[in-house]
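Note that the sequence shown ends on residue 275 in this note's numbering; no numbers are left out.
Beta carbons are placed, not taken as given, at the ideal position from N, Cα and C, and that holds for glycine.
The model shown is predicted, which means the values in this text are computed figures rather than measured ones.
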Amino acid sequence: MKWILLMLFGSLGLSALITGAVWGFKRLPLFQTGYRTEGTVVAQEESVSTETVGRDVRTSREVTTYTPVVEFHTETGTAVRFTASTGGKHKPIIETGATVEVIYNPDDPANAQLTAFSQFWLGPVVLVGAGLLFLVMGVGGFFLIGGHDRAMDTRFDSMMRERLVFTAETPPVKAIIVRTEKQEGQKERYVFVCKGKRPGSPVEEEFLSSHFTFDPGRSFKGVTVDVYLDPARPTGYYVNIDPLLPEIVHQQRNR
């Protein structure tokens, strides 16, 4: 699971980060050495697209985007028109007739840009930011899940060592898991509470499993487990939940 998370978010993040960085570096020379002049918004280029309404993917509507068409004159007096990088949905972001600042390469004036941040830098910045966010999510998720897995493995190793204290010659008592309980005053310590009868006793007794450092869930209620009684100590016992460990691990990793 952690490797899938790392590969998914990591690849998306790296791709967006590289694309945004390359886009920004390509625009940097124009920003530093390009010629600046004033232009006029002479028209709006309209494009129609479809978008979903709310969370219902079955309901959609048409949306019109208005992108400014700008005209300016180069140093040689040549009139040039170009379409801005970003438009506005439902209404123009820059009204027709407005004066705007333009930056252009005299050798390639047709690829001029508006100097406003939303037109010149917003695209690269958004991609770089999204890339960093996905990378952090992927790497963070990888280590969080890895730490959680190591905690579970350590807990299970401890439970196996505890089991070795009890002799295999003692027949187990059958008990049923009745609930999952968080221990009082303990942070993130959960146990299975099981009920069963000691040999010769008519009264059911509660037996607690070894503790977990995470909530194992409530889906194991009603499952029968073996309880090994310590012949050397009347109050000593061990609840054998080894057969449940694979399913516990599976459920935790899929949460």
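Limits of the alpha helix (DSSP H) - the one that residue i falls within
i, result
"P266", "L265 to R273"
"F140", "F137 to F140"
Segment limits, beta strand (DSSP E) that includes residue i
i, result
"Q133", "D128 to L134"
"D246", "T244 to L249"
"E121", "T119 to N125"
"K111", "Note, K111: premise wrong, no beta strand (DSSP E); not H, not E."
Three-state class that DSSP yields for residue i in the structure shown
i, result
"Q203", "coil"
"G149", "helix"
"I261", "coil"
"I38", "helix"
"F227", "strand"
Spatially closest choice to residue i from the options, by CA coordinates
i, options, result
"Y248", "Y86, I38, A195 and F102", "A195"
"R238", "S221, F212 and R253", "F212"
"G108", "A130, D246, V148 and E66", "E66"
"I123", "I113, F140 and P112", "F140"
"T57", "A252, T84 and V100", "V100"
"V259", "E115, N274, P191 and G205", "P191"
"R199", "C214, A132 and T106", "C214"
"P126", "T53, P222, E226 and T119", "T53"
"E115", "Q133, T135, T87 and T98", "T87"
Assigned exposure category for residue i - 16 Cβ within 10 Å defines buried
i, result
"V193", "buried"
"P266", "exposed"
"I197", "buried"
"G33", "buried"
"V62", "exposed"
"S80", "exposed"
"L228", "exposed"
* In chain order, which beta strand (DSSP E) runs of at least 3 residues are fully inside the region 36-104? -> 55-73, 76-93 and 99-103
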